Amino acid sequence: MKRLSFILLISFMSSCVTKPPYVSSDFRTLVSFHKKIAILPVQIHSRISNLRLDSDLQRNLFIALAKRVERGQSSISIQNYQETSRILKSSNISEKIIKDIDKAALCKLLGVDAVMLSEGFFRKHKFNDVKVSMQSSIYDYHKGGLIWRKELTMESIVRAETADKLINIIITDMAKLLPY
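Position 40 of the sequence shown, counted from 1, bears residue number 42 in the working numbering, the numbering being contiguous throughout.
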């Protein structure tokens, strides 16, 4: 039994693929001026027919980051995700077009120093297992461009692991890796 547990643990650890994040050359300087960020709605890209997620990924990412702030592990202020969604909706900005909008303009509209744009990718993997990736990017208000990007990927190792469960594990891991 212990051997099986050890093998499952090693399989789980190796199933989460990570590469170093992209960081702009002026990253440290720009991040030092950030007081408040907004988490934009998470865009979903799926190659799985009838993918149904029980989670609101924007909400879950907000909660994961807010917990880090509560514990004193991060000092950034995070705009409430409901406020972000309300402002975007009142400005007729849908989730489908958010990626194409100038990020400095979004920061100004939302009243924040930076915005975080995340995308979730879901696809079937070998033997009908699920492969889930999440890419998060931070765009600075003053630069108007990308200053940080990180992608995490995880595959199900047990059939009981759903896409919903995997993406929420990735969200928790992503919150720990953010540069705040």
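Note that beta-carbon positions come from the ideal geometry of N, C-alpha and C, so glycine has one too.
All figures in this text were calculated on a predicted structure; none of them were measured in a lab.
- Of the other Cβ atoms in all chains shown, 16 or more fall within 10 Å of the Cβ of residue 43; this residue is therefore buried.
- Between residue 97 and residue 137, the C-beta gap is not smaller than 8 Å, which leaves the two residues out of contact.
- When Cβ pairs closer than 8 Å are counted between the two stretches, the segment 140-160 is seen not to touch the segment 77-96, the count staying below three.
- Given a length threshold of 4 residues, each whole run of the alpha helix (DSSP H) inside the segment 80-138 is given here in chain order: 83-92 and 105-112.
- From the listed residues 176, 150, 177 and 133, the smallest Cα separation to residue 163 is found for 133.
- The criterion of a C-beta distance shorter than 8 Å is satisfied by residue 21 and residue 153.
- Partner residues in the beta bridge of residue 47, as assigned by DSSP, are 123.
- Within the same chain, 57 and 62 come within 7 Å of residue 170 by CB-CB distance, once the 5 residues on both sides are set aside.
- Under the DSSP assignment, residue 149 falls in the beta strand (DSSP E) whose first and last residues are 148-157.
- Between the beta-carbon of residue 39 and that of residue 116 there is about 5 Å, and that keeps the pair under the 8 Å contact cut.
- Counting only the Cα atoms, residue 126 lies some 10 Å from residue 158.
- Looking at the backbone, the Cα of residue 100 and that of residue 78 are separated by about 23 Å.
- Residue 142 carries a strand assignment under DSSP once its states are collapsed to helix, strand and coil.
- Its Cα nearest to that of residue 85, the residue 112 stands out among 119, 49, 166 and 112.
- Taking C-beta atoms as the reference points, residue 124 and residue 48 count as a pair closer than 8 Å.
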